[in-house]
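Only one structure is covered here, and it is reproduced in the block below.
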Amino acid sequence: MARRQIKGMLGGLGITFKTMLKPAVTVQYPHEREDPTPRARGVIALKEENCTVCMLCSRSCPDWCIYIEGHKEKRPPRREGGRDRTVSILDRFDIDYALCMYCGICVEVCPFDALFWSPEFEYSEPNIASLLHDKVRLGEWMESVPEPEPLELGAEVKKK
Amino acid sequence: MTTTDLPPPGDLPEVQIDPAIYRHLADAQVNVELDTGDMILSLGPQHPATHGTLRLVVRLDGERVIAADPIIGYMHRGYEKLTEYRTYPQITTLINRIDWLSSFANEVPFVHAAEQLMGIEAPPRAVYIRTVLTELSRIATFLLFLGEMGLQVGAITPAFYGFRDREYVLNLIEAVTGGRFHPNFNRIGGLKDDFPWGFTAECRQVMRRVFESCDTFEDLVLGNPIFEQRTRSIGIIPPDLGAAYGVSGSNLRASGVDWDLRRDAKPYLAYNELDWKVWTHPDGDSFARYWVRLQETRESARMVLQLLDGMPSGPIMAKVPRIIKVPAGEVWVNTENPLGEMGYYVISKGATGPFRVKIRSASFSNVSILPWLLKGVYVPDIVTILAGLYFILGDIDR
Amino acid sequence: MTHLLLGLQIGWGTTLAIKTLVVLALVPLSALILGYVFLLKMMSHMQSRLGPMDPGGFHGWFQLIGDGIKFMQKEDLTPADADPRVFALAPVVVVMSTFLIFVVIPAGPRVQVSNLNVGVFYALAVSSLSVIGVLMAGWASANKYALLGALRAAAQLIAYELPLVLAVVGVVVQAGTMSLQGIVLFQQSGNLFGFGGLGFPLILTQFVGFALFMVAAQAELTQPPFDMPVAESELVAGYMVEYTGFRFLFFFIGEFGTAFAFAALAATLFLGGWALPGVHGTTADLLGPIVLFVKIMLVAFLMFWARFTYPRFREDQLQALAWKWLIPIALGNILVTGILKVAF
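Protein chains in written order, with this note's numbering: chain H, 3 to 162; chain U, 793 to 1190; chain G, 1378 to 1721.
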């Protein structure tokens, strides 16, 4: 009994002492940076030319933090003698990151591949209103979107 | 829930109080000048021992607790009501936030409920990946508990070890789902995505680290005689009383009840294909709860290794219509979450969202035994008991 | 000391002023050193962290000084129901007790503020003055947590005063003097089985006393595993809960300054203090403080190592440990020491 207790007291001291001699796990954040995994949901990027103003993302967002406005314009026909084309023009595409829950439903429902996840996370702001990213800012995030990584063995490869 | 409203424990064993205390009290009663009035101490809603915003109004005589009232609701977010106004895919992201330490495990029973109503079955690979992620979130939750319990009884260092080792597991979850805390990874009929390349090897490595970490906690916390003194025979839950209050999960297994929904419920996920053991401890005190959770962490790591070995290949998504409408019906699905039994009673009327969802969360029932449990203990034991029951405020208030 | 430093004859008043200033500077300085080396750095590395790295450039050495400056800028709050005068006086009393211990600790044959012939007795007596400060703080704060913390502190400090004193009695019996300087000289002049190279640190015969002293000192300092009076996970911070700014800083300085003082006492009583065998006179005066400092850091390392590893006792278990184990062992130690002293 007493032997077990002494062992228990000394064992704890041994663990803390050994940990002290090992290198720390801390990452000194502003000086060095841990790279998030490619799948990390950091920020949503917008590829504007793919967007057709279908409003699916805005409607499926659980907390309605996507604001979209658009209008339709007539364009000349592609071929000689054809009818005029109707093109949807995106006027406004804002995501309020102060509201966003980072659930990723918008990225998933987008049928035209206009929204992507980027693992970038350094966009905190001193002012909460600045967390509303407009379409220009969302477009800039496209640069940081990683290529889709390969899947683990045994996974079914999706047909394109 | 007030203490006075509770039925008397009846023929159940009373809380064991040292007879010396009674003698001491009797002396104090005789000596009128020494008779002190009761003191009402309000622990919380902001108090480090309450893991958030639980409030305990404790009536004290000196340092001995005469009565304790848990007051809940400071973090009520109305998820049951909110689910009535959201579609099924949106709800998984909401219920992530009920028990935020093991969010993935929260999604599983809800998605199962919807799948049962729709008559869909997820493909085997999806089932295996779900099981892996559920067990990973269990490991992450328990590693935090193993450190946190040390912190609550006064040792600072284990808490940091707990956070450090949990981080490796959370990194795994993030590598698969993209979210450390709120994965939102389950879809009705399967999963959002498959494992990324190299995940299996990395996961095996982390599981080795989990075993090491369990050994560390065994030496640093569990083996420490001071910890043993602080937790042995503190907060004993008798098995029948615990079951009557609805205490579930590791808390009930620590009272010697051999009951684990992973084995005893209608088979779900891949548990019946694995070789594993349900750990119980006969004592029912805080020490037993720590011991059981430590063993379950190891068991979960073993299960993850088995699952990785037996991982089937194939698709991860069943055929599901693009717009999900769940046929009318009612279903009750309960699973074994890290904190205990979690269940969803889903009523659907055929729309894109449920008509009504009743959420049975583990911590709410676990905490309901507190007034009985805290009677007659000392102030430091309140902290030990609260830490030992291990509840998450989001899981109580929803 | 002053003769040594200035090399000229100065009056009694000036000497006293200089001595007071030196000790006044020593208390916060020692708290800073212990706080930085052990609380910030050693604890961090034991928890596989790095601790502060940026302030001051090199491993965050400026962190605590910066914290001190910050504390001085904070608003000085007094709770509405508090007894303002007692509330304000309490931190001063706590630091005062620390300050008074430093007076008798020798750092060289002549480097000592005052060589009392009852030095041991005096040091242990003034160290328990802090209980009064703690009680005052807890009572005057008009806060339930503070009151519980203060009462726990009072019960605990009184219970552990006994083993602390009894643990030292063995040393006093063996050295035959109560003067700290005398005890150091006894250890310096002794020899180990005829080998004088190490002197005769009393830990060799009084290791039981040393162990008891360390345990009791840990309790006197209200450090884990005996930190129920502050118990941050149950009583939030006990008697300190209502203090802010400069007054909180006083408690901090008191806590670490007292840790330094107790480490110095243990180093002096059991490890030979400033003494290096064969070094006397002015050389000893110059080398003594360095030797003493190294020993203090060694003892403090042990104290803080335990502090960062162990969980906390419960109040009744702590009393049981003091009365059922420490005091009987200490009494037995005195008995054995006395018998051996008479026999040899």
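Glycine included, C-beta positions come from ideal geometry on N, C-alpha and C.
Just so it is clear, the structure is predicted and the values come from calculations on it, not from any experiment.
According to the DSSP assignment, K74/H belongs to the beta strand (DSSP E) that extends over I68 to R77. Put simply, the CB of C105/H is near chain U, with a gap under 9 angstroms to one of its CB atoms. For T949/U, the residues of chain H that pass the 7 angstroms Cβ criterion are T18, in the order they occur in the chain. Positions of the beta strand (DSSP E) runs, each at least 3 residues long and wholly inside the segment 1457 to 1526 of chain G, cannot be given because no such run exists. Interface with chain G (9 angstroms Cβ-Cβ cutoff): T21/H is included. The way I'd put it, the segment 1098 to 1114 of chain U does touch the segment 989 to 999 of chain U; three or more beta-carbon pairs between them come closer than 8 angstroms. Not one beta carbon of chain U lies nearer than 9 angstroms to the beta carbon of E1597/G. Proximity of F1639/G to chain H, defined by a Cβ-Cβ separation below 9 angstroms, is not satisfied.
Judged by DSSP in its simplified three-state form, D96/H adopts strand. Here Y1063/U has R1054 as same chain residues with Cβ atoms under 6 angstroms from its own Cβ, once five neighbours each way along the sequence are excluded.
Taking C-alpha positions only, W143/H is separated from K76/H by approximately 30 angstroms. Annotation: Cβ neighbours of S1105/U in chain H (cutoff 9 angstroms, chain order): L155, G156, A157 and E158. Look at V1613/G: its C-beta is under 9 angstroms from a C-beta on chain U.
Close CB contacts of A1120/U within its chain, under the 7 angstroms cut and outside five residues either way in sequence, are with S1140, K1141 and G1142 (chain order). Among the residues facing chain U, S1610/G is included, as its CB has a counterpart in that chain under 9 angstroms away.
For R889/U, same chain residues with a beta-carbon under 8 angstroms away, outside a window of 5 residues either side, are R869, Y871, S895, H974 and G1186 in chain order. Ranked by Cα distance from E1632/G, the options A1394/G, V1481/G, G1650/G and S1504/G are led by S1504/G.
Within the segment 1682 to 1700 of chain G, contact with chain H at the beta-carbon level (separation under 8 angstroms) is assigned to W1682, A1683, F1685, T1686 and Y1687. The DSSP-derived three-state label of S90/H is strand. Apart from the 5 residues on each side of it in sequence, A1532/G sits with its Cβ closer than 8 angstroms to the Cβ of E1692 and Q1696 in its chain, given in chain order. Contact annotation for F1019/U against chain G: P1688 [CB-CB distance below 7 angstroms, chain order]. If you draw a 10 Å sphere on the C-beta of N1158/U, you find 16 or more other C-beta atoms in it, and that means buried.
For V45/H, the enclosing beta strand (DSSP E) stretches over residues V45 to L48. Per DSSP, R851/U is one residue of the beta strand (DSSP E) stretching across R847 to D853. Taking a Cβ-Cβ cut-off of 7 angstroms, the neighbours of E151/H in chain U comprise P988 and W989, given in sequence order.
Within the segment 1414 to 1434 of chain G, the residues whose Cβ lies closer than 8 angstroms to some Cβ of chain H are M1419, S1421, H1422, M1423, Q1424, S1425, R1426, L1427 and M1430, listed in chain order.
For L1648/G, the number of other beta carbons within 10 angstroms of its own is at least 16, and it is reported as buried. Any Cβ of chain U closer than 9 angstroms to the Cβ of T39/H would place that residue at the interface, and such an atom is present.
Contact between the segment 900 to 907 of chain U and the segment 931 to 944 of chain U is absent: fewer than 3 CB-CB pairs across the two stretches fall below 8 angstroms. Against N1043/U, chain H offers no close residue; the least beta-carbon distance is about 25 angstroms (beta-carbon pairs closer than 7 angstroms). The alpha-carbon separation between K1396/G and A1644/G amounts to approximately 22 angstroms. A direct Cα-to-Cα measurement between G16/H and A947/U gives close to 15 angstroms. For R917/U, same chain residues with a beta-carbon under 6 angstroms away, outside a window of 5 residues either side, are P1104, G1106 and I1108 in chain order. Under the three-state reduction of DSSP output, T885/U falls in the helix class. The beta-bridge partner set that DSSP reports for Y953/U is empty. Annotated as proximal: N1129/U and N898/U, with beta-carbon spacing under 9 angstroms.
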